[in-house]
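In the working numbering, the protein residues as written are 21 to 310. Ideal Cβ placement from N, Cα and C applies to all residues, glycine included.
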């Protein structure tokens, strides 16, 4: 569906300045104001981990996601990819993973149809580079950002870094995101670089499983962020939980995961619904949520 009449104004942008209890990075958020003359649904999805070798993953989820994307044309105005779409993404000058070509093609077709697409990097696909913006015309975000949509103000995050009790991850993140480290890794042949990254990810996932952890910490952080940012809805992925919760501070949403359950969130008229994709009927099916 063409988004004629849509207006998008990027007000301010900054770096993810902190991982601590004060959430001082809120003042540096990238703010996007989106107002539509007509307001069809918006789709939010995360954590497909395409390319992972994890034994518990749906081996056909890539094809199902491509089919899902192609079914959105004319039905939804916005698509938000909230990170970890790929198990690993490394920006090379002349290389993209061929296994994902169908999905990349579907995303491009959605853009050509008029859909607005935003891609917020996760902790696995943090090195998006310029390919998505220059070749697919997708707006990419390195850090959490706010937007106004369907009369609601949202704060969108991937979710990594929300657990302020994890003192190790901020240092790991700084190392992985450092330009010098990325330059060194880019010197590897793409096949070797991909093999190493997928091997490390597979080892980690087989060790920890696909079970949501520390959800109480994330909920505490979400309540605080809702208060400090004064948004109506806070939404993130990362923990693979899947829920929509009405809190006194606002609505707290987790997009779940497409690794096994094929979950996503649909926003209609300012309300969020957790859904799952039913491959057999190619329809959008409601899933239970708390």
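Original post:
With distances taken between CB atoms, is the gap from residue 250 to residue 193 smaller than 9 Å?
Top reply: no
**OP:** Could you tell me which residues DSSP puts in a beta bridge with residue 160?
**Re:** 139
Subject >> Three-state secondary structure assigned by DSSP to residue 235 >> reply: helix
Subject >> Test item: CB-CB of residue 13 and residue 70 under 9 Å >> reply: Because the chain is modelled from 21 through 310, residue 13 falls outside the range shown and cannot be assessed.
**OP:** Measure how close the beta-carbons of residue 190 and residue 181 come, nearest whole angstrom, since I'm counting them as under 8 Å.
**Re:** 7 Å
**OP:** Using alpha carbons as the reference points, say which of 183, 266, 259 lies closest to residue 252.
**Re:** 266
Original post:
Which two residues bound the contiguous beta strand (DSSP E) that contains residue 62?
Top reply: 61-65
Original post:
Should residue 270 and residue 246 be called a contact, given that it needs their Cβ atoms to be closer than 9 Å?
Top reply: yes
Subject >> Close-in-space but distant-in-sequence residues of the same chain around residue 149 (CB under 7 Å, 5 per side omitted) >> reply: 111
Original post:
Whose CA, out of 167, 135, 125, lies closest to the CA of residue 155?
Top reply: 125
**OP:** Starting from residue 110, follow its DSSP beta bridges and name the residues at the other end.
**Re:** For residue 110, which the question treats as bridged, DSSP gives no partner whatsoever.
Original post:
Given residue 294, which residues of its chain have a CB within under 7 Å of its CB, disregarding the five upstream and five downstream residues?
Top reply: 262, 263, 264, 276, 283, 285, 307, 309
Subject >> Rounded distance between the beta-carbons of residue 107 and residue 72, thought under 8 Å >> reply: 4 Å
**OP:** Look at residue 116 and residue 151 and say whether their C-beta atoms are less than 9 Å apart.
**Re:** yes
Original post:
So, is residue 212 buried or exposed, given that buried needs 16 or more other C-beta atoms within 10 angstroms?
Top reply: exposed
Subject >> Nearest candidate by alpha-carbon position, reference residue 292, set 260, 259, 254 >> reply: 254
Original post:
Whose C-beta lies closer than 7 Å to the C-beta of residue 197 among residues of the same chain, with five residues either side of it excluded?
Top reply: 146
**OP:** Evaluate residue 67 with the Cβ neighbour count: other Cβ atoms within 10 Å of its Cβ, from every protein chain shown; 16 or more gives buried, anything less gives exposed.
**Re:** buried
**OP:** Can you tell me the Cβ-Cβ gap for residue 102 and residue 92, rounded? I've got them flagged as a contact below 8 Å.
**Re:** Incorrect: roughly 16 Å between the Cβ atoms, too far for contact.
Original post:
Is it buried or exposed for residue 220, if we count other Cβ within 10 angstroms and need 16 for buried?
Top reply: exposed
Subject >> Beta-carbon contacts of residue 195 that lie in its chain and below 7 Å, excluding the five residues immediately before and after >> reply: 201
Subject >> Cβ pair residue 234, residue 259 closer than 9 Å >> reply: yes
Subject >> Three-state secondary structure (DSSP) of residue 55 >> reply: Annotation note: pLDDT 44 at residue 55 (below 50); position unreliable, no value reported.
**OP:** Given a cut-off of 9 Å, decide if residue 176 and residue 138 are closer than it, judged by their beta-carbon atoms.
**Re:** yes
**OP:** Inspect the beta-carbon positions of residue 158 and residue 127 and report whether they are closer than 9 Å.
**Re:** yes
Subject >> Length of the line joining the Cα atoms of residue 114 and residue 82 >> reply: 23 Å
Original post:
Would you report the Cα separation of residue 290 and residue 184, rounded to the nearest angstrom?
Top reply: 30 Å
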